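A quick write-up on the structure given underneath.
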Amino acid sequence: MKKRQIILDFTSLLDVIMIILFFFIIFSNLETDNLKKDLEDKQQQVSAELEEAKAKYDKADELLGEAQEKNEQADKRLEEADSAVDRSGENTDAIMDFSENKNLKLHLDMRGENGWTLKFAKGEEIVKEIPKSDISIMTDEVRELFKEQGYTADNTILIEFSYDATESGTTSAYLDTMKIINTMKSEYTHLFYSETDVSVFAG
Numbered sequence: 001m002k003k004r005q006i007i008l009d010f011t012s013l014l015d016v017i018m019i020i021l022f023f024f025i026i027f028s029n030l031e032t033d034n035l036k037k038d039l040e041d042k043q044q045q046v047s048a049e050l051e052e053a054k055a056k057y058d059k060a061d062e063l064l065g066e067a068q069e070k071n072e073q074a075d076k077r078l079e080e081a082d083s084a085v086d087r088s089g090e091n092t093d094a095i096m097d098f099s100e101n102k103n104l105k106l107h108l109d110m111r112g113e114n115g116w117t118l119k120f121a122k123g124e125e126i127v128k129e130i131p132k133s134d135i136s137i138m139t140d141e142v143r144e145l146f147k148e149q150g151y152t153a154d155n156t157i158l159i160e161f162s163y164d165a166t167e168s169g170t171t172s173a174y175l176d177t178m179k180i181i182n183t184m185k186s187e188y189t190h191l192f193y194s195e196t197d198v199s200v201f202a203g
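The numbers in the sequence shown follow full-length UniProt numbering, run straight up by one, and end at 203.
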């Protein structure tokens, strides 16, 4: 074989090799692009699934919080119901005393020597009179009265509070009396009272 023929044959072979390399590079780029797109699609899918999972977790956490709150409310109502059942005897006794006129009555008398007096009665009997003085002293007198009546913090206590709003000085005396009543309510949590302005029924 002549030298020129060998060179030509070799050149043809190089052309074939170059064509093969060209197509190899093209197909490699296409595969790389496809792989990249697949990876991007999968990444977006994973991100979407993560967002969905996070949303479900947040919703579950919210629902759990609501469930716990409702459970706490239910427990509280159950405790209140149990307490109401436990106190039914005390409440019945207090209502019976009220119906038989045996409960405490408190009247704000503006004709006292020092300006006004708190008069406590049971039925028609005056059981204690507390003249106007320092609020703390008057409150101590009411505490002493409650002890004398045998009241405890567990008792249901019904008090009828009456006054005459038309009498001079009643507003100031009323406010002082309410301070005493509210102090006693904080110590006797089952103390209840009604208010009556007797001037409404006058005349």
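Cβ coordinates follow ideal geometry from the N, Cα and C atoms, glycine included.
Since the model is a prediction, treat every value here as computed from it, not as a measurement.
Find the nearest neighbour of Tyr151 within the set Thr189, Thr177 and Thr166, judged by alpha-carbon distance.
Locating residue 151 in the sequence shown gives position 151, where the first residue counts as 1. The shortest Cα separation from Tyr151 among Thr189, Thr177 and Thr166 belongs to Thr189.
Which residue wins for smallest C-alpha separation from Glu124, given the options Asn101, Lys179, Glu49 and Thr171?
Here the question's residue 124 lines up with position 124 in the sequence shown. Ranking the options by Cα distance to Glu124, first place goes to Asn101.
For Ser162, list the residues DSSP reports as bridge partners.
For the purposes of this step, residue 162 is taken as residue 162 along the sequence shown, with counting starting at 1. Answer by DSSP bridge pairing, in chain order: His107 and Thr196.
For the beta strand (DSSP E) holding residue 211, just list the boundary residues, first then last.
Past the edges of the chain, shown from 1 to 203, lies residue 211, and the structure says nothing about it.
Would you kindly check if the distance between the Cβ of Asp164 and the Cβ of Thr170 is under 8 Å?
Mapped onto the sequence shown, residue 170 falls at position 170. Mapped onto the sequence shown, residue 164 falls at position 164. Cβ atoms of Thr170 and Asp164: closer than 8 Å.
Starting from Glu125, trace the beta strand (DSSP E) both ways and give me its first and last residue.
Position 125 of the sequence shown, counted from the first residue, corresponds to residue 125. Looking at the DSSP string, the run of the beta strand (DSSP E) that includes Glu125 is Glu125 to Pro131.
For the alpha helix (DSSP H) that Phe146 lies in, which residues bound it at each end?
Locating residue 146 in the sequence shown gives position 146, where the first residue counts as 1. Here the alpha helix (DSSP H) through Phe146 covers Ile135 to Glu148.
Compare the beta carbon distance of Lys119 and His107 with 8 Å and say whether it is the shorter of the two.
Within the sequence shown, the letter at position 119 stands for residue 119. Within the sequence shown, the letter at position 107 stands for residue 107. Yes, these two residues count as a Cβ contact at 8 Å.
Looking only at DSSP bridge pairs, what is Ile181 linked to?
Walking along the sequence shown from the start, residue 181 turns up at place 181. None; Ile181 has no bridge partner.
Within 10 Å of its beta-carbon, does Phe201 have 16 or more other beta-carbons around it, so buried, or fewer, so exposed?
Within the sequence shown, the letter at position 201 stands for residue 201. By the 10 Å Cβ count, Phe201 comes out exposed.
How about Ile130 and Glu141: are their beta carbons less than 8 Å apart?
If you number the sequence shown from 1, residue 130 lands on position 130. If you number the sequence shown from 1, residue 141 lands on position 141. In this structure, Glu141 lies closer than 8 Å to Ile130 by Cβ.
Looking at C-alpha atoms only, which residue of Lys54, Asp109, Met184 and Met138 is the closest neighbour of Val198?
The sequence position of residue 198 within the sequence shown is 198, counting from 1. Looking at the Cα atoms, Asp109 is the closest of the given residues.
For Leu8, which residues of its own chain have a beta-carbon under 7 Å away from its beta-carbon, when the five flanking residues on both sides are left out?
The sequence position of residue 8 within the sequence shown is 8, counting from 1. Here the model assigns Leu8 a pLDDT of 47, short of 50, so the residue's position is not dependable, and the following value carries that caveat. None.
I'd like to confirm the pairing. Which residues does DSSP put opposite Ile157 in its beta bridges?
Taking the sequence shown and counting its residues from 1, the one referred to as residue 157 is at position 157. BP columns for Ile157 point to Leu191.
Can you tell me which of Glu52, Leu104 and Val46 puts its alpha carbon nearest to the alpha carbon of Thr156?
Numbered from its first residue, the sequence shown carries residue 156 at position 156. Out of Glu52, Leu104 and Val46, Leu104 has the C-alpha closest to the C-alpha of Thr156.
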